[in-house]
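Data block below; observations after.
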Amino acid sequence: MARFRSAQGGDRLSCKSRRFLGYGRQSIDQSDVDAVVGVLRSDFLTQGPAVDKFEAALAERVGARHAVAVSSGTAALHIACLVAGLRPGDRGLTAAVTFAASANCLLYAGADAGFVDIDGNGLAMSPTALAHALEKEPGVNAIVSVHLAGLAHEAAAIRSLARKRFVIEDACHAIGGRYDCGAPIGCGAYSDMCVFSFHPVKTITTGEGGAVVTNDGDLARRLRMLRNHGIEREASRFVGGDEREGGEVKPWLYEQQVLGFNYRMTDIQAALGLSQLTRLEQFLERRRAIARRYDEAFARLPHLHLPQSLPEQRGRSGHHLYIVLIDFAALRTTRTAFMGKLREHGIGTQVHYIPVYRQPYYVKRYALDRGAFPESESYYARCLSLPFYPGLTDEDVEHVIATITRLVTAG
Ligand SMILES: Cc1ncc(COP(=O)(O)O)c(C=O)c1O
């Protein structure tokens, strides 16, 4: 068999030259290319009219009053924590199983991060564990909830337990998903702000990019300032006191009023985002169909469990990841060996995620006892994300199913 490199990098064995299937991949078509080329030929490359249009379309799609587009989901989380008023001495809680950015954003604002054990089926922070954490630490100022793999699990319970504290939804996986009440994720029913990521493995992409959506106009205004160096351009909000010359507002004046960043999204990115947004339903439909086929094929396999697979959950998820839980010990193997076997068959898999409290940075900072997170530990021991993106053909999906089935039933 010939050895060659996959598009994602890394050696792989070719099975009859089958193309390598990563766990996620963007879907780009000619309309995306045309949209980007259109901006490249226009007057604006960085933040301009395409960003305004993308924000308006995004806000409308998720049912929020305001959308503030930025350079990444991480940047969006950072400025969301700042406008929530987090500062040194404060404390925020997030899910124990998530990407590090959900916790890092609290630290960027100078606050401390605490972790809440997950619910092993819904894969979000468990309301019971959250209630316990808030009882132990009533001084917590904010909660960053995470819609892991695209499912908004227990959003209403988390909002209610948070009481008056800020709730920021890390919905980086969840664009296009719905809450169990049927409303779109991002509409503000259960949080003060909601954050999306448009990284290429996400359901829609802008290359790199993110956004904060909110119904609060004052939060939106402050988010816009923070993404652009802390600058205010609206004369009626100037605070410097010398904005007039001969009775007129100086036409060139702007004021830096707070310490901000360059977190702007470019028009190039926004044009791609707008084009992708028009195909969000199509992407979701294909993701749902693949999830349905995987569910059907894996439902009765031994030593394999499917979290988030209740029909109600599948029906409303944003479907970013398809995660299976495998009892590797019962199969007399290890995850490393299992992943290696899949790779030999051209199938890429990944672990989402190592619990954040296990990361060396957080071990050094907080040295948390893993025993305090039994569900997260049990999840982490078994989780594996399978190839899951609209560009998978039916044949690709059947290849993944056949290979996993063979490995799991081989004895
Ligand atoms: C749950 C979660 N939060 C935040 C982020 C950060 O998003 P970005 O990569 O756009 O900065 C990611 C990225 O993968 C994520 O998975």
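Residues 1255 to 1665 in the numbering used here are what the sequence shown spells out, letter by letter.
Here a beta-carbon is modelled for each residue, glycine too, at the ideal position from N, C-alpha and C.
In this chain, the alpha helix (DSSP H) harbouring cysteine 1359 covers 1355 to 1362.
Taking 9 Å as the cut-off, the beta carbon of valine 1398 is found no closer than this to the beta carbon of leucine 1312. For leucine 1596, the closest of Thr1657, Glu1652 and Leu1555 by C-alpha to C-alpha distance is Thr1657. In this structure the stretch 1426 to 1439 does not touch the stretch 1579 to 1595; the number of beta carbon pairs closer than 8 Å is below three. Per DSSP, arginine 1345 is not a residue of any alpha helix (DSSP H); the beta strand (DSSP E) it occupies stretches across 1345 to 1349. Aspartate 1371 is not a Cβ neighbour of alanine 1635, given a cutoff of 9 Å.
Ranked by how close their Cα comes to the Cα of phenylalanine 1642, the residues Ala1403, Leu1415 and Ala1385 have Ala1403 in first place.
Of the residues assessed, threonine 1647 falls on the exposed side of the cut-off, its CB having fewer than 16 other CB atoms within 10 angstroms. Checking the 8 Å criterion, the Cβ of valine 1421 is out of range of every heavy atom belonging to ligand 1. Annotation: leucine 1336 to alanine 1363 spans about 6 Å, alpha carbon to alpha carbon. Every candidate alpha helix (DSSP H) stretch fails here, since none sits fully inside the stretch 1494 to 1523 while reaching 4 residues. Here the distance from the Cβ of leucine 1402 to the nearest heavy atom of ligand 1 is below 8 Å. Ranked by Cα distance from arginine 1491, the first of Tyr1508, Glu1502 and Gly1501 is Tyr1508.
In the structure shown, aspartate 1366 adopts extended strand secondary structure according to DSSP, grouped into three states. Taking C-beta separations shorter than 8 Å and ignoring five residues to either side along the sequence, the partners of serine 1380 in its chain run Val1370, Asp1371, Ile1372, Asp1373, Glu1408 and Glu1629, following chain order. Between ligand 1 and glutamate 1462, a heavy atom-to-CB distance of less than 8 Å is present. Under the three-state reduction of DSSP output, arginine 1568 falls in the helix class. Isoleucine 1580: not part of any alpha helix (DSSP H); member of the beta strand (DSSP E) spanning 1576 to 1580, first to last residue. Relative to ligand 1, the beta carbon of alanine 1329 is positioned inside 8 Å of a heavy atom. In this structure, threonine 1352 has its beta carbon less than 8 Å from a heavy atom of ligand 1.
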